[in-house]
Amino acid sequence: LPVRLTEDRAKNWLTSQGLPVPQGEVADSPAAAAAAAERLGGAVAVKALVAAGRRGKANGVGLVDDKEGAAAFAASLIGREIAGARVERLYVERRATIDRELYLSFAFDVSKPQIVLSAQGGIEIEETFARDPSAIMRAELDPRRGLYPWEAIQLWQGAGLESRFLPALADVTVRLFDAFRAADALTLEINPLAIDPAGAPLLVGALMEIDDSALFRHREWAALAEGIGDSGRALNERERLVVDADRKFPGGAVRYTELAGDIGLMVAGGGASLLQHDMIVAAGGRPANHSDISPTPTPDKPAAVFDAIFSNPRACSLLIGYNYLQMAPCDNVIAGLLIAAKKHRIDPRRFPIVVRLFGPNEEEARRLAATLPGINYLQRGATLADGVAAIVEATRRAQASAEAVA
Amino acid sequence: MSILIDADTRVLVQGITGAQGRFDVRYCLAYGTKIVGGVTPGRGGEIVEGVPVFDTVRAAVTAVGANATAIYVPARGVKNAVLEAVDAGIAVILATSENVPRHDASIAVTSARDAGARLVGFNSNGLISPGKCKMGGIGGDRPQDIYKPGRIGVCSRSGGMSAELCATLARAGLGASTCISLGGDPIVGMRMVEYLRLFEQDPETDACVIFGEPGTDHEQGVAEGIVRGELRKPVIALIAGRFQEAYPAGVSFGHVAAMISAKGDSASEKRAMLREAGAHVAESLEEIPSLLRDALGER
Chain A
176 LPVRLTEDRA KNWLTSQGLP VPQGEVADSP AAAAAAAERL GGAVAVKALV AAGRRGKANG
236 VGLVDDKEGA AAFAASLIGR EIAGARVERL YVERRATIDR ELYLSFAFDV SKPQIVLSAQ
296 GGIEIEETFA RDPSAIMRAE LDPRRGLYPW EAIQLWQGAG LESRFLPALA DVTVRLFDAF
356 RAADALTLEI NPLAIDPAGA PLLVGALMEI DDSALFRHRE WAALAEGIGD SGRALNERER
416 LVVDADRKFP GGAVRYTELA GDIGLMVAGG GASLLQHDMI VAAGGRPANH SDISPTPTPD
476 KPAAVFDAIF SNPRACSLLI GYNYLQMAPC DNVIAGLLIA AKKHRIDPRR FPIVVRLFGP
536 NEEEARRLAA TLPGINYLQR GATLADGVAA IVEATRRAQA SAEAVA
Chain B
7 MSILIDADTR VLVQGITGAQ GRFDVRYCLA YGTKIVGGVT PGRGGEIVEG VPVFDTVRAA
67 VTAVGANATA IYVPARGVKN AVLEAVDAGI AVILATSENV PRHDASIAVT SARDAGARLV
127 GFNSNGLISP GKCKMGGIGG DRPQDIYKPG RIGVCSRSGG MSAELCATLA RAGLGASTCI
187 SLGGDPIVGM RMVEYLRLFE QDPETDACVI FGEPGTDHEQ GVAEGIVRGE LRKPVIALIA
247 GRFQEAYPAG VSFGHVAAMI SAKGDSASEK RAMLREAGAH VAESLEEIPS LLRDALGER
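So the sequence lines, in the order shown, correspond to chains A and B. For the first sequence, the working numbering gives the first residue as 176, with consecutive numbering after it. For the second sequence, the working numbering gives the first residue as 7, with consecutive numbering after it.
And the structure:
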């Protein structure tokens with residue numbers, strides 16, 4: 176998942192690239208916010224420092240005139256929840272005198288970067304777009320080179336900007352696209368891009384999302400790539416351990432997201448993991464998690480997912496449902512299973528395990544699986560549907576007998 | 007016939023000295039793929055699995071002649087590997103690495119397109135024209151068990167599902183002209199509709215089977231291609247991922263996504279879009295052969 180930079184980090188980056196950004200400071204208490212306001216000249220914006228957009232609409236931004244106002248608004252903001260995150264820190268920023276609010280962003284469409292800009296910026300930009308799409312200019316950019324100044328001038332001209340604003344705006348636009356590329360950003364959105372009374376541009380709102388696949392080039396942001404999972408909520412402890420294992424061990428990416436059901440899923444390979452999940456739901460089963468794992472050259476990553484599933488108190492069965500493996504040996508998966516099963520003392524006669532796993536080294540995988548009595552390792556040629564039917568039925572039976580004992 | 011690769015394709019392997027490269031090369035050679043050279047800078051002159059290794063793609067092309075390459079280098083090196091292959095005039099480029107940085111992928115795809123090269127991937131497990139040639143890990147150790155020769159063009163967003171689709175066809179006595187895993191990364195070299203256009207031109211392909219997922223506009227492109235009349239052969243579509251619609255979508259960051267993203271990219275919306283365009287939408291893998299027979303019988 177992309178790394179969303181908080182406003183202070185995004186603006187520090189843009190400042191370092193020579194772009195005009197209002198002066199600001201981070202504060203973690205009303206007193207610190209007041210002191211910052213005083214240093215910045217009194218009239219400031221106080222903003223919740225959470226990596227989320229639309230903070231203004233969530234009342235996460237206050238415009239105040241002096242340090243007392245800053246302290247009071249800070250006190251009302253700290254501890255509140257905005258966009259699912261608790262506000263612990265604030266960004267206090269010098270208020271600019273704004274004559275006009277423009278909009279400018281860079282993002283990827285299908286395979287090339289796009290520039291989107293408008294002379295009508297501000298928080299209502301989506302409404303403007305919905306009402307009058309012609310107010311928004313859009314162009315595809317060549318990823319291999321920077322923008323030329325005249326290209327930027329033509330775009331802003333197209334958006335209706337008067338001649339006298341164009342040189343400075345074009346300069347900022349060219350440097351922002353350079354910054355977008357240099358940061359490996361997936362999104363760089365400036366809203367509003369303010370024009371002050373002297374006609375100079377100022378980057379008042381700045382959102383940046385960084386490509387997590389490129390963090391090896393950006394050590395300063397690598398540590399931020401944690402915390403939020405596919406579900407959009409904070410990771411729980413088991414999910415976090417899988418993320419750690421994903422970083423630590425070799426091989427393709429592994430993902431693990433817990434859900435409310437009871438069937439543990441070790442389903443592999445993107446498409447097949449989606450399809451099997453759909454099929455389980457259609458058959459009346461309820462997955463305890465979604466997972467997705469690419470073939471891996473060692474048992475470590477599979478072992479981490481099995482460890483998480485066996486640690487999840489809601490999980491009471493396990494489907495290991497792989498496609499015909501094509502790029503990696505099968506025995507890695509079962510070796511990983513045995514490590515975790517031993518650690519959690521799993522008995523497949525009470526915790527049903529269905530395996531549908533065919534491909535290179537399958538004989539060795541079957542030999543290993545046989546050391547854990549009770550595993551239902553399906554015959555070669557069994558379909559994904561066979562695996563799904565077996566686990567839904569086995570889960571039903573295991574629950575019935577557990578209830579009978581209770 | 008087939009598309010992209012056939013019995014005459016001469017294949018290089020960039021990154022042949024790495025573990026994954028070696029693993030796949032062994033099975034490709036056993037299948038009969040003409041792997042004529044490997045490329046690893048600094049390892050020129052070595053022999054891997056009987057294949058000569060060169061320091062550059064151009065040196066390999068000069069020495070042994072090649073028109074395709076399979077790239078097995080870490081994600082951070084993929085951009086340069088693709089650019090090198092494009093520069094050396096390679097026509098078909100398979101990129102297996104996943105999680106390629108988006109800017110790198112964009113640069114590589116743009117350069118390949120400008121040069122007229124066909125880039126399959128990123129994050130693809132390969133392509134196979136059964137009985138003729140396979141590139142990449144597709145088929146694993148026993149490709150002949152799963153991928154039978156036939157007259158169905160198969161194109162899958164998921165490498166693993168390409169095996170399930172072809173195994174399903176094989177059980178029904180059907181086979182593939184060519185089967186492609188188009189790659190799972192957000193940016194890939196060719197869109198699904200481009201493969202289907204190639205199948206449209208292939209006299210030995212009668213119909214296409216596609217596998218889709220939520221996200222991206224690959225399936226939308228196919229639906230539009232059918233509506234425009236450029237795809238006239240029957241298309242059977244299996245789209246997974248409907249369960250995701252039961253969970254809340256992530257909140258987007260900023261406004262730009264709402265202004266440039268493809269509309270209707272959930273599994274259900276894609277199914278509806280394809281059905282409306284005239285594709286045959288399968289409810290399960292098992293339903294695909296009968297849909298194919300019905301569609302081909304109609305014609």
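C-beta: ideal position from N, C-alpha, C; glycine also. If you're wondering where the values come from, they're calculated on a predicted model, not measured in any experiment.
Rounded to the nearest angstrom, what separates B:T62 and A:A260 at their Cα positions? The sequence position of residue 62 of chain B within the second sequence is 56, counting from 1. The sequence position of residue 260 of chain A within the first sequence is 85, counting from 1. A straight-line Cα-Cα distance of about 50 Å links B:T62 and A:A260.
Would you check if the distance between the CB atom of B:P209 and the CB atom of B:A301 is smaller than 7 Å? Against the second sequence, residue 209 of chain B aligns to sequence position 203. Against the second sequence, residue 301 of chain B aligns to sequence position 295. Taking a C-beta distance under 7 Å as the contact criterion, B:P209 and B:A301 do not qualify as a contact pair.
For B:G71 and B:K6, the rounded distance between their alpha carbons: Limits of chain B in this structure are 7 at one end and 305 at the other, which puts residue 6 of chain B out of reach.
Beta-carbon separation (whole angstroms), B:I9 vs B:L188, contact threshold 8 Å: Locating residue 9 of chain B in the second sequence gives position 3, counting from the first residue. Locating residue 188 of chain B in the second sequence gives position 182, counting from the first residue. B:I9 to B:L188, Cβ: 12 Å. No contact.
What is the rounded straight-line gap between the Cα of B:G195 and the Cα of B:E219? Position 189 of the second sequence, counted from the first residue, corresponds to residue 195 of chain B. Position 213 of the second sequence, counted from the first residue, corresponds to residue 219 of chain B. Whole-angstrom Cα-Cα distance: 17 Å.
Hey, which unbroken runs of the beta strand (DSSP E) at 3 residues or more fall wholly within the segment 258-302 of chain B? none
Taking only the alpha-carbon atoms, compute the straight-line gap between A:G235 and B:D147 and give it to the nearest angstrom. In the first sequence, counting from the first residue as 1, residue 235 of chain A sits at position 60. In the second sequence, counting from the first residue as 1, residue 147 of chain B sits at position 141. So the two alpha carbons sit approximately 57 Å from each other.
Less than 7 Å between the C-beta atoms of B:T174 and B:I294, yes or no? On the second sequence, position 168 is the one that residue 174 of chain B refers to. On the second sequence, position 288 is the one that residue 294 of chain B refers to. Yes, Cβ-Cβ distance for B:T174 and B:I294 is below 7 Å.
Kindly list, in the order they appear in chain B, the residues whose Cβ is closer than 9 Å to that of A:P195. Taking the first residue of the first sequence as position 1, residue 195 of chain A is located at position 20. Residues of chain B with a Cβ closer than 9 Å to the Cβ of A:P195 do not exist, since the nearest Cβ in that chain sits about 20 Å away.
Just how far apart, CA to CA, sit A:K222 and A:A233? To locate residue 222 of chain A, count along the first sequence from 1; it is residue 47. To locate residue 233 of chain A, count along the first sequence from 1; it is residue 58. Approximately 11 Å between the Cα atoms of the pair.
Going straight from the alpha carbon of A:S309 to that of A:D353, what length do you get? The residue given as residue 309 of chain A occupies position 134 in the first sequence. The residue given as residue 353 of chain A occupies position 178 in the first sequence. The straight-line gap from Cα to Cα measures roughly 26 Å.
DSSP state of B:M196 mapped onto helix, strand, coil: Position 190 of the second sequence, counting from 1, holds the residue named residue 196 of chain B. If DSSP states are grouped into helix, strand and coil, B:M196 belongs with coil.
Is DSSP giving B:H224 helix, strand or coil here? Position 218 of the second sequence, counted from the start, is the residue given in the question as residue 224 of chain B. B:H224: helix per DSSP, three-state reduction.
Starting from B:A243, trace the beta strand (DSSP E) in both directions and tell me its first and last residue. Here residue 243 of chain B is taken as the residue at index 237 of the second sequence, counted from 1. That run of the beta strand (DSSP E) goes 241-245.
Taking C-beta to C-beta, are B:C214 and B:K140 nearer than 7 Å? Here residue 214 of chain B refers to the residue found at position 208 of the second sequence. Here residue 140 of chain B refers to the residue found at position 134 of the second sequence. Not a contact, by the Cβ cut-off of 7 Å.
Element boundaries [beta strand (DSSP E), containing B:F217]: Locating residue 217 of chain B in the second sequence gives position 211, counting from the first residue. B:F217 -> beta strand (DSSP E) spans 213-218.
If you measure from the beta carbon of B:E282 to each beta carbon in chain A, is any gap under 7 Å? Counting from one through the second sequence, the residue named residue 282 of chain B turns up at place 276. Closer than 7 Å: no.
What are the residues that DSSP puts in a beta bridge with A:N551? Position 376 of the first sequence holds residue 551 of chain A. According to DSSP, A:N551 bridges with A:V529.
Starting from A:N464, follow its DSSP beta bridges and name the residues at the other end. Residue 464 of chain A sits at position 289 when you count from the first residue of the first sequence. A:N464 pairs with A:E433.
Classify B:C172 as helix, strand or coil using the three-state DSSP reduction. Walking along the second sequence from the start, residue 172 of chain B turns up at place 166. Reduced to three states, the DSSP call for B:C172 is helix.
Note down, in chain order, every chain A residue with its Cβ under 7 Å from the Cβ of B:V262. Position 256 of the second sequence, counting from 1, holds the residue named residue 262 of chain B. Those within 7 Å of B:V262 in chain A are S280, A282, V291, T362, E364.
By DSSP's criteria, B:V45 is part of a beta bridge. Which residues make up the other side? Translated into the one-based positions of the second sequence, residue 45 of chain B becomes position 39. Looking at the DSSP assignment, B:V45 forms a beta bridge with B:Q20, B:F60.
So A:A218 and A:R275 are in contact, right, with Cβ under 8 Å, and what is the actual spacing, rounded? By 1-based counting over the first sequence, the position of residue 218 of chain A is 43. By 1-based counting over the first sequence, the position of residue 275 of chain A is 100. Contact doesn't hold; Cβ gap of about 19 Å is too wide.
Buried versus exposed call for A:L238 [16 or more other C-beta atoms within 10 Å across all chains shown]: Translated into the one-based positions of the first sequence, residue 238 of chain A becomes position 63. Looking at its Cβ environment, which holds fewer than 16 other Cβ atoms inside 10 Å, A:L238 is exposed.
Please state if the CB of A:L322 and the CB of A:V347 are separated by a distance shorter than 7 Å. Along the first sequence, one-based indexing puts residue 347 of chain A at 172. Along the first sequence, one-based indexing puts residue 322 of chain A at 147. No, Cβ-Cβ distance for A:V347 and A:L322 is not below 7 Å.
Below 7 Å between beta carbons: does that hold for B:N131 and B:A97? Working through the second sequence from its first residue, we reach residue 131 of chain B at position 125. Working through the second sequence from its first residue, we reach residue 97 of chain B at position 91. Contact flag unset, no.
What would DSSP say about B:Y353, mapped onto helix, strand or coil? Since the first and last residues shown for chain B are 7 and 305, residue 353 of chain B lies out of range.
May I ask you to report which of helix, strand or coil DSSP gives A:A227? For the purposes of this step, residue 227 of chain A is identified with residue 52 of the first sequence, where counting begins at 1. A:A227: coil per DSSP, three-state reduction.
Could you name the residues of chain A that B:L202 contacts, counting a contact when the two beta carbons are closer than 7 Å? Along the second sequence, read from residue 1 onward, the residue named residue 202 of chain B stands at position 196. The contacting residues do not exist; B:L202 stays about 16 Å from chain A at best.
Quick one: list the residues of chain B neighbouring A:G444, beta-carbon separation under 8 Å, in chain order. Translated into positions along the first sequence, residue 444 of chain A becomes position 269. Neighbours of A:G444 on chain B, chain order: S164, G165, G166, M167.
Under 9 Å, CB to CB, which of the residues in the segment 450-468 of chain A have a partner in chain B? L450, Q451, H452, D453, M454, I455, V456, A457, P462, H465
Which residue comes first and which comes last in the alpha helix (DSSP H) that contains A:L512? Against the first sequence, residue 512 of chain A aligns to sequence position 337. Looking at the DSSP string, the run of the alpha helix (DSSP H) that includes A:L512 is 506-518.
May I have the straight-line CA-CA distance separating B:P192 from A:P205, to the nearest angstrom? As a working mapping, residue 192 of chain B is identified with position 186 in the second sequence. As a working mapping, residue 205 of chain A is identified with position 30 in the first sequence. Roughly 43 Å between the two C-alpha positions.
Following the continuous alpha helix (DSSP H) through A:A560, name the residue where it begins and the one where it ends. Numbered from 1 along the first sequence, position 385 holds the residue referred to as residue 560 of chain A. Per DSSP, A:A560 belongs to the alpha helix (DSSP H) from 559-580.
Cα separation between B:Y201 and B:G159? As a first step, residue 201 of chain B must be located in the second sequence, where it is residue number 195. As a first step, residue 159 of chain B must be located in the second sequence, where it is residue number 153. Straight-line Cα distance between these residues: approximately 9 Å.
Uninterrupted beta strand (DSSP E) stretches inside the segment 327-406 of chain A (no shorter than 3 residues): Those beta strand (DSSP E) runs which fall completely within the segment 327-406 of chain A and span 3+ residues are 360-370, 376-378, 381-385.
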